[in-house]
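Position 33, counted from 1, in the sequence shown is what the working numbering calls 157; the numbers after and before it change by one each time, with no gaps. First up is the structure itself, then whatever we jot down about it.
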Amino acid sequence: MEMVTSFVYPPPPSILLNTMSVVGLVSLAKVGWSEVRGIHLKYSKFNNNNKTSSSSSSPQPQKLPLGSFSSRTGMLLLYTPAFLAAASSFFVLPSDDLRFLLLKSALALHFFKRIFEVLFIHKYSGEMAIDSALTITTSYFSSTALLLYSQNFTLGLPEPGFDLKPLGIVMFVVGIVGNLYHHVLLAKLRNEDGTKEYKIPKGGLFETIICPHYLFEILVFWSFFMVSQTIYSFSFAMGTTFYLVGRSYATRSWYLSKFDDFPKHIKALIPFVF
Numbered sequence: 125m126e127m128v129t130s131f132v133y134p135p136p137p138s139i140l141l142n143t144m145s146v147v148g149l150v151s152l153a154k155v156g157w158s159e160v161r162g163i164h165l166k167y168s169k170f171n172n173n174n175k176t177s178s179s180s181s182s183p184q185p186q187k188l189p190l191g192s193f194s195s196r197t198g199m200l201l202l203y204t205p206a207f208l209a210a211a212s213s214f215f216v217l218p219s220d221d222l223r224f225l226l227l228k229s230a231l232a233l234h235f236f237k238r239i240f241e242v243l244f245i246h247k248y249s250g251e252m253a254i255d256s257a258l259t260i261t262t263s264y265f266s267s268t269a270l271l272l273y274s275q276n277f278t279l280g281l282p283e284p285g286f287d288l289k290p291l292g293i294v295m296f297v298v299g300i301v302g303n304l305y306h307h308v309l310l311a312k313l314r315n316e317d318g319t320k321e322y323k324i325p326k327g328g329l330f331e332t333i334i335c336p337h338y339l340f341e342i343l344v345f346w347s348f349f350m351v352s353q354t355i356y357s358f359s360f361a362m363g364t365t366f367y368l369v370g371r372s373y374a375t376r377s378w379y380l381s382k383f384d385d386f387p388k389h390i391k392a393l394i395p396f397v398f
């Protein structure tokens, strides 16, 4: 326990936070395992209603099926409540504590970036299932609120023995820039011939892994932990890692099934390893 408290604040006196630390981790790990087994959250290429192939022909406009809406609308729904929670925390939970201010800023900037990408960078061609959108929206919003709520319990407590804030700041910058860069590469790829069909991504770390944007997103969520150093933020970072590992594995499997010329040396998430 002494070793643990060198890296994190003591468990907060909150049944809700301590319970959600366990429930959140287990739930995200379970969803990640479901992705590996082929049971996917229905958005992007894994929405059964999306018609994707390696063909370069333009998709025909079609009516949205019941139980879904456009991917752009769905993605905005995913990130907006979490962004509003992070932005409002500056007023709802005012504090001049540096660690708390850094966490608020990092969360707000992360979700603002995601909304900006949805509006101005990403190219969408399919639909998102409403049930999957609501599941992810609830997860992002509740996790953001609980990250901030958990940090509020650390005010006035002695700092952990190891201060991970500087490393967290560096990791956040690397993660958010790397994630944005590879999202831009994906958008440009789908703009090359004016269609919105999926193609094998190229450039950057796409030359060695199929999901570099997930790799950098994992760095962002671990940076939240290093800035906050709470048990809940550790649980959320670990759970998100499990989910994105599963999603990246499923993504590579999808590309292998759709493209006969997919380079076999390209891994899922970690260059040359996995």
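Just so you know, even glycine gets a beta-carbon here, dropped at the ideal spot from N, CA and C.
Taking just the CA atoms, how far does residue 253 sit from residue 210?
-> Position 86 of the sequence shown holds residue 210. Position 129 of the sequence shown holds residue 253. Going by the C-alpha atoms only, they are around 26 Å apart.
Residues in its own chain within less than 6 Å of residue 339 by CB, not counting five upstream and five downstream?
-> Taking the first residue of the sequence shown as position 1, residue 339 is located at position 215. Contacts found: 393.
Please state if the CB of residue 193 and the CB of residue 241 are separated by a distance shorter than 8 Å.
-> Counting from one through the sequence shown, the residue named residue 241 turns up at place 117. Counting from one through the sequence shown, the residue named residue 193 turns up at place 69. No.
Rounded distance between the beta-carbons of residue 349 and residue 357, thought under 8 Å = Your numbering for residue 357 matches position 233 in the sequence shown. Your numbering for residue 349 matches position 225 in the sequence shown. Between residue 349 and residue 357 the Cβ distance is about 4 Å, and since that is below 8 Å, they are a contact.
Shortest alpha-carbon distance to residue 341 belongs to which of 355, 368 and 324?
-> Residue 341 sits at position 217 when you count from the first residue of the sequence shown. Closest by alpha carbon: 368.
Does the distance from the CB of residue 271 to the CB of residue 227 come in under 8 Å?
-> Along the sequence shown, read from residue 1 onward, the residue named residue 271 stands at position 147. Along the sequence shown, read from residue 1 onward, the residue named residue 227 stands at position 103. At the C-beta level, residue 271 and residue 227 come within 8 Å of one another.
In DSSP terms, what residue 193 is bridged to = Along the sequence shown, one-based indexing puts residue 193 at 69. For residue 193, the pairing in a beta bridge is given by DSSP as 252.
Just the Cα atoms here: how many angstroms apart are residue 311 and residue 237?
-> As a position in the sequence shown, residue 311 is number 187, starting the count at 1. As a position in the sequence shown, residue 237 is number 113, starting the count at 1. In this model, residue 311 and residue 237 are separated by some 15 Å (Cα to Cα).
CA-to-CA distance, residue 314 to residue 321, given in whole angstroms | Start at 1 with the first residue of the sequence shown, and residue 321 comes out as number 197. Start at 1 with the first residue of the sequence shown, and residue 314 comes out as number 190. Their backbone Cα atoms lie some 7 Å apart in a straight line.
In this structure, what does DSSP give as the bridge partners for residue 391?
-> What you label residue 391 is simply residue 267 of the sequence shown in a count that begins at 1. Beta-bridge pairing by DSSP links residue 391 to 333.
Can the beta-carbon of residue 130 be found closer than 8 Å to that of residue 285?
-> Mapped onto the sequence shown, residue 130 falls at position 6. Mapped onto the sequence shown, residue 285 falls at position 161. Cβ distance < 8 Å, so residue 130 and residue 285 count as in contact.
Can you tell which of 371, 295 and 203 has the C-alpha that lies nearest to the C-alpha of residue 164?
-> Reading the sequence shown from its first residue, position 40 is the one you call residue 164. It is 371 whose Cα lies nearest to the Cα of residue 164.
Which class does residue 278 belong to by DSSP, given the choice of helix, strand or coil?
-> As a first step, residue 278 is located in the sequence shown; it is residue number 154 there, counting from the start. Coil.
According to DSSP, is residue 142 helix, strand or coil?
-> Sequence index remark: in the sequence shown, residue 142 carries index 18 (1-based). The answer is helix: DSSP assigns residue 142 an H, G or I state.
With respect to the alpha helix (DSSP H) encompassing residue 375, which residues constitute its N-terminal and C-terminal limits?
-> Position 251 of the sequence shown, counted from the start, is the residue given in the question as residue 375. Segment 355 to 382, the alpha helix (DSSP H) holding residue 375.
Sub-8 Å separation of residue 136 and residue 277 beta-carbons = Translated into the one-based positions of the sequence shown, residue 136 becomes position 12. Translated into the one-based positions of the sequence shown, residue 277 becomes position 153. Taking 8 Å as the cut-off, the beta carbon of residue 136 is found closer than this to the beta carbon of residue 277.
8 Å contact criterion, which residue 298 and residue 343 should meet: CB distance rounded | Residue 298 sits at position 174 when you count from the first residue of the sequence shown. Residue 343 sits at position 219 when you count from the first residue of the sequence shown. Confirmed, Cβ separation roughly 6 Å.
Are residue 268 and residue 206 close, meaning C-beta to C-beta below 8 Å?
-> Numbered from 1 along the sequence shown, position 144 holds the residue referred to as residue 268. Numbered from 1 along the sequence shown, position 82 holds the residue referred to as residue 206. Taking 8 Å as the Cβ cut-off, residue 268 and residue 206 qualify as a contacting pair.
Rounded C-beta distance between residue 148 and residue 359? I'm assuming under 8 Å.
-> Translated into positions along the sequence shown, residue 148 becomes position 24. Translated into positions along the sequence shown, residue 359 becomes position 235. Right, the Cβ-Cβ distance comes to about 6 Å (below 8 Å), so this counts as a contact.
Which residues in the same chain have their Cβ closer than 7 Å to the Cβ of residue 305, if we skip the five residues on either side of it in sequence?
-> In the sequence shown, residue 305 corresponds to position 181, counting from 1. Exclusion of the five residues before and after residue 305 leaves 328 as the residues of its chain whose Cβ lies within less than 7 Å of its Cβ.
Endpoints, alpha helix (DSSP H) assigned at residue 321 = Position 197 of the sequence shown holds residue 321. Counting along the chain, residue 321 falls outside any alpha helix (DSSP H), and DSSP gives it neither H nor E.
Beta-carbon proximity list for residue 347, same chain, < 7 Å, skipping 5 on both sides = By 1-based counting over the sequence shown, the position of residue 347 is 223. 230, 292, 295, 296 and 299, listed in sequence order.
Does the ligand NAP have a heavy atom nearer than 7 Å to the CB of residue 201?
-> For the structure depicted, the ligand NAP is absent and the ligand set is empty, with no information on it obtainable.
Under 8 Å, do residue 263 and residue 167 count as touching if we go by C-beta distance?
-> Taking the sequence shown and counting its residues from 1, the one referred to as residue 263 is at position 139. Taking the sequence shown and counting its residues from 1, the one referred to as residue 167 is at position 43. Taking C-beta atoms as the reference points, residue 263 and residue 167 fail to come closer than 8 Å.
Using the rule of at least 16 other Cβ atoms within 10 Å of the residue's Cβ for burial, across every protein chain shown, is residue 336 buried or exposed?
-> Walking along the sequence shown from the start, residue 336 turns up at place 212. So residue 336 ends up on the buried side.
Please work out which residues of its chain come closer than 6 Å, Cβ to Cβ, to residue 199, disregarding the five sequence neighbours upstream and downstream, and give them in chain order.
-> On the sequence shown, residue 199 is found 75 positions in, with the first residue counted as 1. Taken in chain order, the residues that qualify are 242.
Could you pull out every residue in the same chain whose Cβ sits closer than 6 Å to the Cβ of residue 176, ignoring the five residues on either side in sequence?
-> The sequence position of residue 176 within the sequence shown is 52, counting from 1. In this prediction, residue 176 scores a pLDDT of 42, lower than 50, which makes its location untrustworthy; the coordinate-derived value is nonetheless stated afterwards. The residues are 169 and 322.
Burial state of residue 132, where buried means 16 or more other Cβ atoms lie within 10 Å = By 1-based counting over the sequence shown, the position of residue 132 is 8. By the 10 Å Cβ count, residue 132 comes out buried.
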